[in-house]
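K.L.:
One structure, as structure tokens, below. Some questions next.
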């Protein structure tokens, strides 16, 4: 089944005109920081790209997407529903999962929205720091139609400095909808 998914992912990306470049190792545990995130198609492209290199990652997604019929499919793909209405700590829950799971890679879009925002969520940096896992910087470059995973980021513990460095890295890329992407600092 894995070989069928690999083959199908590669074919669909080729038909859509997307390339995939991956040079980071297949870590047993990591956070995959995904940006720019300006379209629902970003999710599909990233899932196909990750599958096309024989890897599997979970992902965070707004709870409202986990209704029937998509909920079962998203959960089977490794989706983790995020309920923003409650005061529960997603950061703590993810750190706990990293501690007990032998293999766990979670993709997170720090923008947290497909709309333009300069306020990126920092929870992924706190999770990576507390769980002691690397952050892979994954790029959806709409300009070159390439999904890239070539950079690793080790958080320093200084959230503001780390986020500024990550935004500088992503500032060189073009979103699918450039007017919706911002790497400005607050």
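In our numbering, the protein residues as written are 222 to 407. No residue lacks a Cβ here, since even glycine has one placed at the ideal position from N, Cα and C.
Have a look at 399, 265, 234, 344 and flag the residue whose alpha-carbon is nearest the alpha-carbon of residue 316.
P.N.:
344
K.L.:
Only counting the same chain, and skipping five residues up and downstream in sequence, which positions put a Cβ closer than 6 Å to that of residue 391?
P.N.:
256, 404
K.L.:
Beta-carbon separation of residue 273 and residue 234 under 9 Å?
P.N.:
yes
K.L.:
With burial defined as no fewer than 16 other Cβ atoms inside 10 Å of the residue's Cβ, what is the status of residue 371: buried or exposed?
P.N.:
Exposed, since its Cβ has fewer than 16 Cβ neighbours within 10 Å.
K.L.:
Indicate whether residue 281 and residue 311 have their beta-carbon atoms separated by less than 9 Å.
P.N.:
Yes; because the gap between Cβ atoms is below 9 Å, this pair is in contact.
K.L.:
For residue 329, name the three-state secondary structure that DSSP assigns.
P.N.:
strand
K.L.:
Can you tell me where the beta strand (DSSP E) with residue 362 in it begins and where it stops?
P.N.:
In the DSSP annotation of this structure, the continuous segment of the beta strand (DSSP E) that includes residue 362 starts and ends at 356 to 362.
K.L.:
Residue 282 lies in the beta strand (DSSP E); which residues open and close that run?
P.N.:
279 to 283
K.L.:
For residue 297 and residue 269, what's the separation of their Cα atoms in angstroms?
P.N.:
15 Å
K.L.:
Looking at C-alpha atoms only, which residue of 293, 236, 271 is the closest neighbour of residue 227?
P.N.:
Considering only alpha carbons, the answer is 271.
K.L.:
Use the C-beta contact count for residue 239: other C-beta atoms within 10 angstroms, 16 or more gives buried, fewer gives exposed.
P.N.:
buried
K.L.:
For residue 351, collect the residues of the same chain with a Cβ closer than 7 Å to its Cβ; drop the 5 residues on either side in sequence, then sort them by chain order.
P.N.:
316
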